[in-house]
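Structure first, then comments.
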Amino acid sequence: MNFEQLIAKLPEFGHNITIFANRLGLVQAQLEVDHIALRITELSDAEHLKAQFEKRGTILSDKVINGRPIYLIELDQPLSVGSWQVKVVELPFPDGRKRRDGWEHIEFVLPCGADNEQQMMKAVKQLPVITAKWPVIEDGTLDIEVKSSDSKADDEPLPNPSVSFKSNHLTIKLHPYDIRQVIGAHPAPGK
1 MNFEQLIAKL
11 PEFGHNITIF
21 ANRLGLVQAQ
31 LEVDHIALRI
41 TELSDAEHLK
51 AQFEKRGTIL
61 SDKVINGRPI
71 YLIELDQPLS
81 VGSWQVKVVE
91 LPFPDGRKRR
101 DGWEHIEFVL
111 PCGADNEQQM
121 MKAVKQLPVI
131 TAKWPVIEDG
141 TLDIEVKSSD
151 SKADDEPLPN
161 PSVSFKSNHL
171 TIKLHPYDIR
181 QVIGAHPAPG
191 K
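If you use full-length UniProt numbering, the sequence shown corresponds to residues 1 to 191, in order.
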């Protein structure tokens with residue numbers, strides 16, 4: 001997949017992720033969009049995309065996580081994803097698994113100060129738009145898979161617990177801080 005193909009798929013991704021966010025009630029919750037992420041299965045495609053994104057922004061982070069590089073790139077000009085403007089792209093290099101190439105998920109900030117996945121899950125369940133839907137999310141009626149995770153690299157000033165909602169090939173994640181604050185690229189609030 002080259003850069004032009006990836007960008008050509010952005011309107012469809014924006015449309016589909018907006019529908020999914022509406023199903024969850026997250027559009028009306030008016031959370032701030034943090035970043036979008038893609039999945040690429042071929043190393044040559046990942047290297048091409050990295051070079052193209054570097055021409056359009058700045059690499060904020062290039063950590064090796066679970067044995068593969070994951071880049072965070074802050075763009076000079078935001079991408080339009082549905083009605084959102086997104087300045088940060090997450091580009092994980094291939095991990096050997098075959099997946100569908102292209103845009104995979106969007107992440108929102110739920111500013112709750114959570115330090116771990118239990119606190120993050122509690123904060124998500126307290127969002128009024130989620131509280132109302134939680135019984136049918138949890139029982140599988142909406143065909144949405146929910147997962148939580150806890151991650152914090154040793155050199156990062158903030159934890160990054162998240163709750164993800166997955167349906168078909170789309171994922172929406174919520175986490176407590178802007179990813180730029182998590183990695184130390186911008187000052188953390190009150191830290």
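Idealized CB from N, CA, C, for every residue including glycine.
Remember, it's a predicted structure, so these values are computed and weren't measured experimentally.
Helix, strand or coil: which one does DSSP assign to residue i?
{"i": "Thr41", "result": "coil"}
{"i": "Glu54", "result": "helix"}
{"i": "Leu6", "result": "helix"}
{"i": "Leu31", "result": "coil"}
{"i": "Gly184", "result": "coil"}
Beta strand (DSSP E) containing residue i: first to last residue?
{"i": "Ile73", "result": "Arg68 to Val81"}
{"i": "Leu91", "result": "Trp84 to Pro92"}
State buried or exposed for residue i, treating a residue as buried only when at least 16 other CB atoms are found within 10 Å of its CB.
{"i": "Asp145", "result": "Asp is not the amino acid found at residue 145; the sequence shown has Glu there. Exposed: under 16 other Cβ atoms inside 10 Å."}
{"i": "Asn160", "result": "buried"}
{"i": "Lys125", "result": "exposed"}
{"i": "His35", "result": "buried"}
{"i": "Ile7", "result": "exposed"}
Is the closest heavy atom of the ligand ATP to the C-beta of residue i under 7 Å?
{"i": "Val109", "result": "Of the ligands one can find in the structure shown there are none, so the ligand ATP has no counterpart to examine."}
If you follow the alpha helix (DSSP H) that residue i is part of, which residue opens it and which one closes it?
{"i": "Pro11", "result": "Leu10 to Leu24"}
* Asked: Mind pulling the alpha helix (DSSP H) runs of 4 or more residues that sit fully within the segment 107 to 180?
  -> 117 to 125 and 128 to 138
* Decide if the segment 97 to 115 is in contact with the segment 53 to 64; the criterion is three or more beta carbon pairs, one per stretch, under 8 Å apart. => no
* Does the segment 25 to 41 come close enough to the segment 92 to 106 to have 3 or more Cβ pairs within less than 8 Å? -> yes
* **At least three beta-carbon pairs within less than 8 Å, the segment 115 to 135 to the segment 19 to 30** => yes
* To do: Answer yes if the segment 70 to 79 comes into contact with the segment 98 to 108, meaning at least three C-beta pairs across the two stretches below 8 Å, and no otherwise.
  => no
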